[in-house]
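Chemist: One structure is given below, represented as structure tokens, and several questions about it will come after.
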Amino acid sequence: MTDFRLDGRVVVVTGGYGVLGGGLASGLAAAGARIVVLGRRREQAEAKAEQIRAAGGEAMAVVADALDRGQLADACTEVVGEWGRVDALVNGAGGNVAAARNDDRPVFEVAPDAFDQVLQLNLHATITPSLVFGKAMADRGAGSIVNISSMAAMQAISGVMGYSIAKAGIDNFTRWLAVDLARRYGGGMRVNAVAPGFFISEQNRAVLVQPDGSPTARANTIINRTPMGRFGEAEELVGAVQWLCSDAASFVTGIVVPVDGGFSAFSGV
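Residue 1 is where the sequence shown starts when you use the UniProt record's numbering, and the numbers rise one by one after that.
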């Protein structure tokens, strides 16, 4: 089972202080990784890094916008200067934009700038860090990139057109980059993704949870379509991501792993 351990490996987690990204950062630290908590907000990044250190792990906070290639290049230089290398990148930054949702209105009324914002927040914020930190890994001939896809990439889910398109783009980017890096830099370079089912985060809480704590109608629809009959917990993503970052997945590249309680397997009938 030592192949699943990440002892001493330097893992950059973008969006590393969010609900899902933060859960991944803590879980990977518990597996032995040295975690770089990367995000735009220094206070939150420092707080998450301190939480990991208090639990006995190693972590550093780095401030950078996942959409700013210059900031990311500086961040990569900082990480390599401190810890010598980058072994893995987990692209946890992302989310939806309220103005891009169309639950209660026709899709024709979605503002183009809101649509573009969702694409930037998800697709571009995955591609840009992958190119910057991926280059640092490719120069060494070894590394793992793990992207975050979604059930919304696999089938139509109402109200989230822009988010769905962005996540579908991440699926294709995952496969494309996996092929390109392996052919150019060898089998030590791997790119995969996980596709979470439905997890409650700060971004979707109002859509899924009533003020009194009870589920909304949309939440009940999701739960009824999930064979396990519940939402996922952030720590339940860790196992799949740890596997993809580890030597246990040394011959695995270009795949998207559902972590969804059976949602993608169920027809609803």
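Heads up, the beta-carbon is just placed ideally off N, CA and C, and yes, glycines get one too.
May I have the straight-line CA-CA distance separating A217 from F263, to the nearest angstrom?
Modeler: Here residue 217 is taken as the residue at index 217 of the sequence shown, counted from 1. Here residue 263 is taken as the residue at index 263 of the sequence shown, counted from 1. The alpha-carbon atoms of A217 and F263 are separated by roughly 17 angstroms.
Chemist: Using CA coordinates, which residue listed in G22, L38 and G57 is at the minimum distance from A29?
Modeler: By 1-based counting over the sequence shown, the position of residue 29 is 29. The residue with the shortest Cα to Cα distance from A29 is G57.
Chemist: Taking all protein chains shown into account, do 16 or more other C-beta atoms lie within 10 angstroms of the C-beta of S26, making it buried, or fewer, making it exposed?
Modeler: Position 26 of the sequence shown holds residue 26. When all chains shown are included, S26 counts as buried.
Chemist: What are the residues that DSSP puts in a beta bridge with N147?
Modeler: By 1-based counting over the sequence shown, the position of residue 147 is 147. The partner list for N147 (beta bridge, DSSP) reads N91 and A193.
Chemist: By a C-beta neighbour count over all protein chains shown, 10 Å radius and 16 as the cutoff for buried, is T126 buried or exposed?
Modeler: If you number the sequence shown from 1, residue 126 lands on position 126. T126 should be labelled buried.
Chemist: Where does the unbroken alpha helix (DSSP H) through M137 begin, and where does it stop?
Modeler: As a position in the sequence shown, residue 137 is number 137, starting the count at 1. Counting along the chain, the alpha helix (DSSP H) containing M137 begins and ends at A125 to A138.
Chemist: Answer with buried or exposed for M228, where buried requires no fewer than 16 other C-beta atoms within 10 angstroms of its C-beta.
Modeler: The residue given as residue 228 occupies position 228 in the sequence shown. Looking at its Cβ environment, which holds fewer than 16 other Cβ atoms inside 10 Å, M228 is exposed.
Chemist: Is the separation between the beta-carbon of A156 and that of K167 shorter than 8 angstroms?
Modeler: As a position in the sequence shown, residue 156 is number 156, starting the count at 1. As a position in the sequence shown, residue 167 is number 167, starting the count at 1. Taking 8 angstroms as the cut-off, the Cβ atoms of A156 and K167 do not count as close.
Chemist: In the DSSP assignment, find the unbroken alpha helix (DSSP H) run with A61 in it and report its ends.
Modeler: Within the sequence shown, numbered from 1, the residue matching residue 61 stands at position 61. That residue, A61, is in no alpha helix (DSSP H); its beta strand (DSSP E) goes E58 to V63.
Chemist: Specify the secondary structure class of F4 as computed by DSSP and reduced to three states.
Modeler: In the sequence shown, residue 4 corresponds to position 4, counting from 1. Helix, per DSSP.
Chemist: In chain order, what residues of the same chain lie with their CB nearer than 7 angstroms to the CB of L6, ignoring the 5 residues before and after it?
Modeler: On the sequence shown, position 6 is the one that residue 6 refers to. Once the five neighbours on either side are set aside, the close Cβ partners of L6 are L28, A31, G32, A33, Q242, C245 and S246.
Chemist: For the beta strand (DSSP E) holding V37, just list the boundary residues, first then last.
Modeler: As a first step, residue 37 is located in the sequence shown; it is residue number 37 there, counting from the start. Counting along the chain, the beta strand (DSSP E) containing V37 begins and ends at R34 to G39.
Chemist: So what's P106 in DSSP terms, helix, strand or just coil?
Modeler: Residue 106 sits at position 106 when you count from the first residue of the sequence shown. In the three-state DSSP reduction, P106 falls in the coil class, being neither helix nor strand.
Chemist: Is it true that the CB of A136 sits closer than 8 angstroms to the CB of V80?
Modeler: For this step, residue 80 is matched to residue 80 along the sequence shown. For this step, residue 136 is matched to residue 136 along the sequence shown. Cβ atoms of V80 and A136: closer than 8 angstroms.
Chemist: Under three-state DSSP, which class holds F266?
Modeler: Taking the first residue of the sequence shown as 1, we reach residue 266 at position 266. Note: F266 maps to coil in three-state DSSP.
Chemist: Residues in the same chain with beta-carbon distance under 8 angstroms from F266, minus the five sequence neighbours each way, listed in chain order, please.
Modeler: The sequence position of residue 266 within the sequence shown is 266, counting from 1. These residues qualify, in order along the chain: R225, T226 and P227.
Chemist: Do the segment 39-53 and the segment 81-91 touch if we need at least three Cβ pairs shorter than 8 angstroms?
Modeler: In short, these stretches do not touch, since the Cβ pair count stays below three.
Chemist: If we count the other Cβ atoms within 10 Å of its Cβ and call it buried at 16 or more, is N172 buried or exposed?
Modeler: Taking the first residue of the sequence shown as 1, we reach residue 172 at position 172. So N172 ends up on the exposed side.
Chemist: Go ahead and pull the three-state DSSP assignment for G229.
Modeler: Position 229 of the sequence shown, counted from the first residue, corresponds to residue 229. Three-state result, G229: coil.
Chemist: Spatial neighbours of V107 within its chain, please: C-beta separation below 8 angstroms, excluding the five flanking residues on both sides.
Modeler: Looking up residue 107 in the sequence shown gives position 107. These residues qualify, in order along the chain: M161.
Chemist: Mind checking V11: buried by the 16 CB within 10 Å criterion, or exposed?
Modeler: The sequence position of residue 11 within the sequence shown is 11, counting from 1. Classification of V11: buried, given that the 10 Å Cβ count is 16 or more.
Chemist: Just the C-alpha distance for G22 and D103, rounded to the nearest angstrom, thanks.
Modeler: On the sequence shown, position 22 is the one that residue 22 refers to. On the sequence shown, position 103 is the one that residue 103 refers to. Their backbone Cα atoms lie some 29 angstroms apart in a straight line.
Chemist: Does the distance from the C-beta atom of A64 to that of A49 stay below 8 angstroms?
Modeler: On the sequence shown, position 64 is the one that residue 64 refers to. On the sequence shown, position 49 is the one that residue 49 refers to. Their beta carbons are not under 8 angstroms apart, which means A64 does not touch A49 by this criterion.
Chemist: Please give the ranges of any beta strand (DSSP E) in the segment 9-34, keeping only runs that are unbroken, at least 3 residues long and fully inside the region.
Modeler: 10-14
Chemist: Shortest alpha-carbon distance to E109 belongs to which of I223, F251, G159 and A138?
Modeler: Along the sequence shown, one-based indexing puts residue 109 at 109. Answer by Cα proximity: G159.
Chemist: Take V259 and list the residues in its own chain whose beta-carbon comes closer than 6 angstroms to its own, dropping the five residues that flank it on each side.
Modeler: Within the sequence shown, numbered from 1, the residue matching residue 259 stands at position 259. Excluding residues within five positions, the ones whose Cβ falls inside 6 angstroms are V194, P196, L237 and A240.
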